[in-house]
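> Numbering (our numbering), first residue to last: 3 to 114. Have a look at this one before I ask anything.
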């Protein structure tokens, strides 16, 4: 499967992409050329400060690799203070995207 597959592709026959984990996000932040201020040994709750260019690049890579398009608000961005909080945001966005694309099964969502 190509790395540019989306959740919609999963509905059209391709297998679903793996969930974004803390380790996955840590790996994305490991590029010292893009994220020079991020510690090499980034703990889950270590303070994290991303500049705007780094954040744009991270979101671009997340879209390319996971098919996840997110548009965080200023409040969301202010909450990206640790690896754990950033990963939690991305996982929640991934679940929300999947919910919007998945057909209704088991009565989980109701039609209006």
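Using N, Cα and C, we set each Cβ at its ideal position, and we do this for glycine too.
Just the Cα atoms here: how many angstroms apart are residue 48 and residue 95?
22 angstroms
> Could you give the distance in angstroms between the alpha-carbon of residue 43 and the alpha-carbon of residue 58?
22 angstroms
> Write down every uninterrupted run of the alpha helix (DSSP H) in the stretch 56-110 whose length is 4 residues or greater and which is fully enclosed by it, in chain order.
76-80 and 85-103
> Is it buried or exposed for residue 55, if we count other Cβ within 10 angstroms and need 16 for buried?
exposed
> So which of 25, 99 and 51 has the shortest CA-CA distance to residue 36?
51
> Check residue 13 in the structure and name its three-state DSSP category.
Confidence is the limiting factor: at residue 13 the pLDDT is only 40, short of 50, which leaves the residue's position unreliable and the question unanswerable from this model.
> Residue 49 by DSSP, collapsed to three states: which one?
Residue 49 carries a strand assignment under DSSP once its states are collapsed to helix, strand and coil.
> Near residue 84, which residues of its chain fall below 6 angstroms by C-beta distance, leaving aside the five closest residues on each side in sequence?
Excluding sequence neighbours, residue 84 sits near 47 and 50.
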